[in-house]
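Read in order, the letters of the sequence shown are residues 101 to 380 in our numbering.
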Amino acid sequence: MRTGRTRRIGWVVLLLGIVGLAWSSWSMANRLKGRPISPVFFASNIVEEKFNYLDKPIEIDRLAAPELDADPLRDWWAKGLDALRISYRGAHVDFPIVGDQPDRLPGLLDYETWFKIMPMVTGERTPIDVAEKLARGEIHSRLVAVARYPAPGFEPGTTGLVRRSEWLYCLAEFHPDADPPITVVEKTYEELDALHTPGKWTAIRHPEWVKQGADRERDLWMHYAMQQVTPAPFLRAKDRTLDAALHAMGWTWPAAGVCVLVLVTGLLMVGMGSVRIPED
C-alpha cells in the first residue's frame, strides 16, 4: 500500500515552502535594491609630480625641512622632516615624510605605500554609471590625497607602528572652483574606521565619532581613502560589505532559510509517501 496521507501532507508542505521561499526572496531582493549604499570609486593613484586637474595645474615637490612653512597645527609631528608639498590654485599642503624614505623611483612611486593622490567619484551605484556619466560630462571626479603616519608621540619605527588605532591620517581635497582651494583634515585610524561601522567600544568611548544620515554620507569617502594607504593585513578583520547586506536584508534571509528547510521537508515527505510498503 502507499502512504497516501504522508504524500498529501508532503505536497502541502512543499507548496508552502515554495510560496514562502518565493515571497521571502522577492522581499530580500527589494530590500537589497533599495538599501542606502554609498560606494566610493577610486581611479588609479597618480604618480606624476606635475599634472592638470580640471584644467588647473598641480605640482608636487619634495622639500627639505628648512624650506617648510611653520604650521602650528601640525608642527609637533612635522618638525624637522622633509615633506611632499602639493601646490594648487595658489595654496599648498605639506605631507611630512616620516622615516628613511629613499628617492629612487620616478615620480611618486617611492611614496605610494603611505601616500597617494587620486581621483574619486561618489554618489553613483556602479562603475558602469561612473564611466558613462564621466564620458557624457554629467559628473566630475573629485581629487583627494591621503597619507598614513605612525601613532604620534611614539617611536615611529617601533611603538608607533603597532598602535594601529592611533595611526594618523592626513586627508586633503582639492577644489577647482570653491574656496579655500584645499581642505585638510586629520583623523586617526579608529576615527575613520568608525565612519563606516564603529566597533562596540569605540561607539561607547567616542559617540561623537559615530555619524548618521547626511553627515555619514558626506564623510564616508575618508574611510575608503584610508583603505587605499593601509596594508590589507592591518585593516579591521571584518567583511563590511557582507555585514551591510545582512543588515539590509533583515528578517528576509532567516525567513528564506526556514522556507528552504520546509521545502526540503516537503520533498522528503512526498518521497516517503511514494514508497510502496509490502503487505504481509
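Ideal Cβ positions, reconstructed from N, Cα and C, are used throughout, including at glycine.
For clarity, every value in this text was computed on a predicted model and none was experimentally measured.
- Task: Could you check how far apart the C-beta atoms of Val113 and Thr288 are, in whole angstroms? I think they sit under 8 Å.
- Result: Within the sequence shown, the letter at position 13 stands for residue 113. Within the sequence shown, the letter at position 188 stands for residue 288. Separation of the CB atoms of Val113 and Thr288 is rounded to 55 Å, and the pair is thereby denied contact status at 8 Å.
- Message: I'd like to know if the stretch 148-157 and the stretch 113-130 are in contact, where contact means that at least 3 CB-CB pairs between them fall below 8 Å.
- Response: Between the stretch 148-157 and the stretch 113-130, the count of Cβ pairs shorter than 8 Å is below three; the stretches do not touch.
- In the DSSP assignment, what are the bridge partners of Ser187? Position 87 of the sequence shown, counting from 1, holds the residue named residue 187. Beta-bridge pairing links Ser187 to Glu159, His192.
- Item | Close beta carbons around Glu159, own chain, < 6 Å, minus the five adjacent residues each side | In the sequence shown, counting from the first residue as 1, residue 159 sits at position 59. In the same chain as Glu159, and ignoring 5 residues on each side of it, the C-beta atoms closer than 6 Å to its own belong to Lys150, Ser187, in chain order.
- Task: Assign His296 to one of two classes, buried (16 or more other C-beta atoms within 10 Å of its C-beta) or exposed (fewer than that).
- Result: By one-based count along the sequence shown, residue 296 stands at place 196. Residue environment analysis places His296 among the buried positions, since at least 16 neighbouring C-beta atoms fall within 10 angstroms of its C-beta.
- When you compare each of Trp301, Ala325, Ala235 to Phe215 by their alpha carbons, which one comes out closest? The residue labelled residue 215 in the question sits at position 115 within the sequence shown. Of the listed residues, the one whose Cα sits closest to Phe215 is Ala325.
- Item | Close Cβ partners of Asp339 (< 6 Å) along its chain, the five nearest in sequence each way excluded | As a position in the sequence shown, residue 339 is number 239, starting the count at 1. Below a pLDDT of 50, predicted positions are generally treated as unreliable, and Asp339, at 47, falls in that range; the measurement from the model is reported next regardless. Sequence-distant partners of Asp339 (beyond 5 residues in either direction) whose C-beta falls short of 6 Å from its own C-beta are missing from its chain.
- For the stretch 247-312, which segments carrying the beta strand (DSSP E) assignment without a break, of at least 3 residues, lie completely within its bounds, in sequence order? Listed in chain order, the beta strand (DSSP E) runs fully inside the stretch 247-312 are 268-274, 282-288, counting runs of at least 3 residues.
- Item | Contacts around Ala272, its chain only, beta-carbon distance under 6 Å, and the 5 residues preceding and following it disregarded | Sequence index remark: in the sequence shown, residue 272 carries index 172 (1-based). The residues are Val193, Ala245, Ile282, Val284.
- So which of Val362, Ala251, Arg204, Gly237 has the shortest CA-CA distance to Leu116? Numbered from its first residue, the sequence shown carries residue 116 at position 16. For Leu116, the closest of Val362, Ala251, Arg204, Gly237 by C-alpha to C-alpha distance is Val362.
- How many Å lie between Val191 and Phe274 at the Cα? Taking the first residue of the sequence shown as 1, we reach residue 191 at position 91. Taking the first residue of the sequence shown as 1, we reach residue 274 at position 174. With the sequence shown as reference, residue 191 is identified as Ala, and Val is not the correct amino acid for it. About 10 Å.
- Task: Determine the direct distance from the alpha carbon of Gly371 to that of Ala337, and round the result to whole angstroms.
- Result: For the purposes of this step, residue 337 is taken as residue 237 along the sequence shown, with counting starting at 1. For the purposes of this step, residue 371 is taken as residue 271 along the sequence shown, with counting starting at 1. In this prediction, Ala337 has a pLDDT of 48, which is less than 50 and means its spatial position is unreliable; what the coordinates show is noted afterwards. Roughly 45 Å separates the two Cα atoms.
- Message: Given a cut-off of 8 Å on the beta-carbon distance, is the pair Pro276 and Val198 in contact?
- Response: Translated into the one-based positions of the sequence shown, residue 276 becomes position 176. Translated into the one-based positions of the sequence shown, residue 198 becomes position 98. Contact flag unset, no.
- Item | Option in Arg225, Gly237, Ile228, Phe141 with minimal Cα separation from Pro219 | Here residue 219 is taken as the residue at index 119 of the sequence shown, counted from 1. In this structure, Phe141 is the residue among Arg225, Gly237, Ile228, Phe141 with its C-alpha nearest to the C-alpha of Pro219.
- Continuous beta strand (DSSP E) stretch holding Pro333: start and end: Walking along the sequence shown from the start, residue 333 turns up at place 233. DSSP places Pro333 in no beta strand (DSSP E); its state is neither H nor E.
- Close beta carbons around Thr352, own chain, < 7 Å, minus the five adjacent residues each side: On the sequence shown, residue 352 is found 252 positions in, with the first residue counted as 1. Cβ within range, chain order: Ser124, Ser127, Met128, Arg131.
- Cα-Cα separation between Asp155 and Arg264, rounded to whole angstroms: As a first step, residue 155 must be located in the sequence shown, where it is residue number 55. As a first step, residue 264 must be located in the sequence shown, where it is residue number 164. Straight through space, the alpha carbons of Arg264 and Asp155 are spaced by roughly 38 Å.
- Item | Identity of the residue in Asp203, Pro139, Arg225, Ser144 nearest Val329 by Cα | By 1-based counting over the sequence shown, the position of residue 329 is 229. Minimum Cα distance to Val329 is reached at Ser144.
- Task: Determine the burial state of Leu184: buried for a count of at least 16 other Cβ atoms within 10 Å of its Cβ, exposed for fewer.
- Result: Within the sequence shown, numbered from 1, the residue matching residue 184 stands at position 84. By the 10 Å Cβ count, Leu184 comes out buried.
- Message: In the DSSP output, which residue or residues are listed as bridge partners for Tyr153?
- Response: Your numbering for residue 153 matches position 53 in the sequence shown. In the DSSP output, where bridge partners are listed per residue, Tyr153 has Lys156.
- Query: If you run the structure through DSSP and keep just helix, strand and coil, what is Leu367?
  - Reply: Counted from its first residue, the sequence shown places residue 367 at position 267. DSSP places Leu367 within a helical segment (H, G or I) once states are collapsed to three.
- Message: With H, G and I counted as helix, E and B as strand and the rest as coil, what does DSSP make of Ala129?
- Response: Position 29 of the sequence shown, counting from 1, holds the residue named residue 129. In this structure, Ala129 counts as helix in the three-state DSSP scheme.
- Would you call the CB atoms of His224 and Val230 closer than 8 Å? As a first step, residue 224 must be located in the sequence shown, where it is residue number 124. As a first step, residue 230 must be located in the sequence shown, where it is residue number 130. The displayed chain sequence assigns Glu, not His, to residue 224. Annotated as proximal: Glu224 and Val230, with beta-carbon spacing under 8 Å.
- Item | Host alpha helix (DSSP H) of Ile228 (start-end) | By 1-based counting over the sequence shown, the position of residue 228 is 128. Per DSSP, Ile228 belongs to the alpha helix (DSSP H) from 227-236.
- In chain order, what residues of the same chain have a beta carbon less than 6 Å from the beta carbon of Ile266, not counting five sequence neighbours either side? Working through the sequence shown from its first residue, we reach residue 266 at position 166. The amino acid occupying residue 266 in the given sequence is Glu; Ile does not appear at that position. Answer for Glu266: Ala251, Thr288, listed in chain order.
- Please name the residue, chosen from Arg189, Pro139, Trp301, Trp321, that lies closest to Pro280 on a Cα-to-Cα basis. In the sequence shown, residue 280 corresponds to position 180, counting from 1. Closest by alpha carbon: Arg189.
- Going by C-alpha distance, which of Ala165, Ile217, Glu317 is nearest Leu243? Taking the sequence shown and counting its residues from 1, one reaches residue 243 at position 143. Comparing Cα-Cα distances from Leu243 to each of Ala165, Ile217, Glu317, the minimum goes to Ile217.
- Query: What are the boundary residues of the beta strand (DSSP E) that Pro202 is part of?
  - Reply: For the purposes of this step, residue 202 is identified with residue 102 of the sequence shown, where counting begins at 1. Premise fails: Pro202 is in no beta strand (DSSP E) and is neither H nor E.
- Query: Would you call Val358 buried or exposed, if buried means 16 or more other Cβ atoms sit within 10 Å of its Cβ?
  - Reply: On the sequence shown, position 258 is the one that residue 358 refers to. Looking at its Cβ environment, which holds fewer than 16 other Cβ atoms inside 10 Å, Val358 is exposed.
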